[in-house]
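Going by numbering that gives the first Met the number 0, the sequence shown opens with residue 0, and the numbers climb by one from there.
Don't be surprised by glycine CBs; every beta carbon is placed ideally from N, CA and C.
Note that the structure is predicted; figures quoted are calculated from it, not measured.
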Amino acid sequence: MMKKIMTPGPTQVRENVRMARSLATTNPDLDLEFYEYYKDTCELFSELLHTDNVSYILSGEGILGLEAACASLTEPGDRVLVLDNGIFGKGFADFVNIYGGKPVLYTADYRQDFDVNALEEYLKQDHDFKYAAVVHCDTPTGVLNPIETICPLLKRYGILSVVDAVSSMFGVDIDVDTCQADIVCGGSQKALSAPVGLTMVCVSDDAIRAMEQRKTPIASFYANLLTFRDYYKNKWFPYTMPISDIYGLRTALENVKADKEIHQRHAKIAAAVRTAVKEAGLRLYLKKGYCATVTVVEVPEGVDSAELLTIMDNKYGVMIAGCFDFLAGKVIRLGHMGENANVADVTLMLDALDKTFADLGYSLKASMKDVFVREIN
Ligand SMILES: *Cc1c(COP(=O)(O)O)cnc(C)c1O
C-alpha cells in the first residue's frame, strides 16, 4: 500500500518532478549548456524569493546549507549571535563552535515567536557580532519567527544574518530584499516538494564581501560558498553537479511559480487545522507564532505517542511525525507543506487521527475532520 506521507518534510513529490529526474543527462562538468541551465535555475530560485541576490544549489541535504553559511562566515574567535527559541535555532551554536567561532545564545520562550522589541533592548547592550543565525520556521515546534523585522534590526547594528528557511520557504512567502537577509537557506524536500538531496542558498553582496575579507581561509571545501562564486565565469564547478536532482528541482520551482495561490492555500489549511485541533479539545504546543507549514499538537495525558504514530501508520496508512530532543514523546507534528498542503490529503490525515484517538480510547470533543471540512469550505 502507498502510504500518505504527511510529515513536515520530506513531502510528496509531484509526477512531473519525478519525470524530470528521469530525463537523459549530459556531462554537467563539460557541457556548457548545463552552466546556463544551472544559472537559470538559480535565478528562478532568487526570483521566487523576490531578490536579485545570487543563489547557489549545493549537492547535499538542507543541513549542508546551514553548515556552509556558518563555515563560510565564521573565523576563529568571531562572536556569533544564535537566536534560540527552538531546537534548530539552538543547533546553530554547534556549527559556530565547529568553525572556531564563539556562539552567544539569545534564548527566548520556545512557545512563541521572538519579541523583536526585547531583542532590540538586548542589542542595545551588546551588538558586537559578526553575524546572527535565526530560524524562520523552527520545525520541531512549528514557530515562525518574524525575519522581516529581525533581519533589518540586525542590519542596523551591522550584523549579518543567516536564515534557516528550510521548512518555511514556499509555504510562507519570503521577500529577501525586504528582510535584508544575508544568507537564506532552503532545502529541496520541504514545501518545494522535490526529493531529498539539495540545498539552496541565497547570498547577499554583504555576505560575499564578508567571506572575501576574511583573514583566515574557510576551513572547508565542500561547505565553502566562495568556491561557487566564479563558476559561471570560469565554467567550473567545485564538484560534479547532481544533474538529475537539479532537473527535478527546476520543475518543482516552476510548479511553485505557476501556483499563484500557494501561500494563501498554506495559510488557510493551517488555520483550519489549528481550529480543528482546538475544537477537538487537544492543545497546540505554541501560544502564538504559528507557521503555515506544520502544526504541532501536544500528546494528551494517557496517550502514548509511539502507539498513536504506529496506529496511524499501520492501520490507516498515514505517516505523521513525532518529535525529538526535549519534545520526544510529547508532541505530534502534522505536516501540511508543499504538495501535502491540499484539502483532500489533510482531510484524510485528520480522519485517520480521529479514528486513532478512538482506537486508543481517548474521546475527542469534536471530529477534527468535520471541523476542518467546515472551516475550509
Ligand atoms: C528539515 C530542516 C532542516 C534540514 O534538516 P534535516 O533534519 O536533515 O532534514 C534544517 N532546518 C529546518 C528548520 C528543517 O525543518
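- Just so you know, the alpha carbons of residue 106 and residue 133 end up roughly 11 angstroms apart.
- Residue 177 and residue 54 have their C-alpha atoms some 17 angstroms from each other.
- Judged by the Cβ position, residue 66 fails to qualify as a neighbour of ligand 1 at the 7 angstroms threshold, every heavy atom of the ligand being at least this far.
- By the 16-neighbour rule on beta-carbons within 10 angstroms, residue 33 is buried.
- The straight-line gap separating the alpha-carbon atoms of residue 154 and residue 146 is approximately 12 angstroms.
- Scanning its chain for C-beta atoms nearer than 6 angstroms, with the 5 sequence neighbours on each side dropped, one finds around residue 137 the residues 85, 87, 88, in chain order.
- Taking 7 angstroms as the cut-off, the C-beta of residue 166 counts as close to a heavy atom of ligand 1.
- By the Cβ neighbour-count rule, residue 283 is buried, with 16 or more other Cβ atoms within 10 Å of its own.
- In the DSSP assignment, residue 66 falls outside any beta strand (DSSP E) and lies within the alpha helix (DSSP H) extending over 61 to 72.
- Inclusion of residue 134 in the 7 angstroms shell around ligand 1 follows from its C-beta lying nearer than that to a non-hydrogen atom of the ligand.
- Judged by DSSP secondary structure, residue 82 falls within the beta strand (DSSP E) whose first and last residues are 78 to 83.
- Looking at 251, 223, 246, 17, the one whose alpha-carbon comes closest to that of residue 238 is 223.
- A Cβ-Cβ distance of about 6 angstroms is found for the pair residue 92 and residue 104, placing them in contact under the 8 angstroms criterion.
- Around the beta carbon of residue 360, fewer than 16 other beta carbons sit within 10 angstroms, so the residue counts as exposed.
- A straight-line Cα-Cα distance of about 16 angstroms links residue 156 and residue 77.
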